[in-house]
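Here's the structure, in structure tokens; my notes come after.
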Amino acid sequence: MAQVTQKSRSRLIWLVLMLVSCLWGLGLSAVASWAQSAPNLVPSAIPQENLMDRLTPVLEMGQSRYLARCGTCHLAVPPAVLPSQTWDHLISDSAHYGATLPPIFEPDLSQIRRYLIFSSRPLNPDEPTPYRLRQSRYFKVLHPQVEFAAPTTLTSCIGCHPQANRFNFRQSMEPQSLDIQNIEPPLSRTAPAIEGHAV
5 MAQVTQKSRS RLIWLVLMLV SCLWGLGLSA VASWAQSAPN LVPSAIPQEN
55 LMDRLTPVLE MGQSRYLARC GTCHLAVPPA VLPSQTWDHL ISDSAHYGAT
105 LPPIFEPDLS QIRRYLIFSS RPLNPDEPTP YRLRQSRYFK VLHPQVEFAA
155 PTTLTSCIGC HPQANRFNFR QSMEPQSLDI QNIEPPLSRT APAIEGHAV
């Protein structure tokens with residue numbers, strides 16, 4: 005059998021490298037072509053309003069635990085209406101608006117905290133921490149030109165947001181069609197010490 009010379013070995017290596025290089029280039033070209041056409045498919049496949057609240061599985065778990073922990077006694081408000089510092093204090097302290105709650109233990113505490121911090125914004129360094137919705141600038145920004153009856157309670161949220169008891173605050177009624185006086189509590193298990201407490 006003929007020996008493979010150094011020169012023929014070099015040619016073989018060069019030929020294999022060229023072949024791999026061409027295949028690599030064709031593969032990258034195909035991927036780039038697909039990537040350019042893919043963004044056009046996304047908006048028609050997924051409604052834009054659904055993309056705003058996408059949560060990772062870890063954050064979904066935190067949201068679920070938040071709703072189970074807070075939403076069984078009173079209306080669970082969206083985290084965006086209060087700053088991160090308020091949420092951190094509320095879930096860490098057993099004293100809760102005149103009621104004493106059992107503490108939240110790990111891993112629930114970490115999961116709830118992660119969800120609330122992700123879904124809210126921090127205060128500016130010189131801002132005081134608000135503990136009432138009507139004191140929160142985030143709540144005010146989300147409710148421009150809305151006149152609230154005094155006192156505003158968690159129960160009154162459902163007057164403007166009929167799906168609030170399902171944690172859907174996006175659907176709201178027109179201000180002129182509101183009947184704040186005849187609002188039913190959103191949940192059957194409303195804690196008396198919290199439900200009538202002004203927010």
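For our numbering, add 4 to where a residue sits in the sequence shown, where the first one is 1. From the three backbone atoms N, C-alpha and C, an ideal C-beta is built for every residue, glycine too.
Kindly indicate which three-state DSSP category histidine 78 falls into: helix, strand or coil?
coil
Determine whether the beta carbon atoms of phenylalanine 143 and valine 85 lie at a separation below 8 Å.
yes
Would isoleucine 95 and leucine 120 be called neighbours here (beta carbons separated by less than 8 Å)?
yes
Exposed or buried, isoleucine 17, counting other C-beta atoms within 10 Å across all chains shown (16 or more means buried)?
exposed
To the nearest angstrom, how far is the alpha carbon of leucine 127 from that of serine 88?
7 Å
Going by DSSP, name the residue or residues bridged to alanine 168.
Alanine 168 is not bridged to any residue.
Looking at the structure shown, is histidine 100 part of a helix, part of a strand, or coil, going by DSSP?
strand
Taking just the CA atoms, how far does isoleucine 116 sit from arginine 73?
9 Å
Does DSSP classify arginine 15 as helix, strand or coil?
helix
Taking the continuous alpha helix (DSSP H) assigned at serine 123, which residues delimit it?
That residue, serine 123, is in no alpha helix (DSSP H); it is neither H nor E in DSSP.
Within the same chain, show all residues whose beta-carbon is closer than 6 Å to that of serine 176, passing over the 5 residues directly before and after it, in chain order.
Cys164, His165
Separation of lysine 11 from methionine 22, as counted between CA atoms:
17 Å
For glutamine 185, the three-state DSSP class (helix, strand or coil):
Only weak support exists for where glutamine 185 lies, its pLDDT of 44 falling under 50; the coordinates are left without a value.
Three-state secondary structure (DSSP) of glutamine 2
There is simply no residue 2 to check, as the chain begins at 5 and stops at 203 in what is shown.
Extent of the continuous alpha helix (DSSP H) run through arginine 141
141-146
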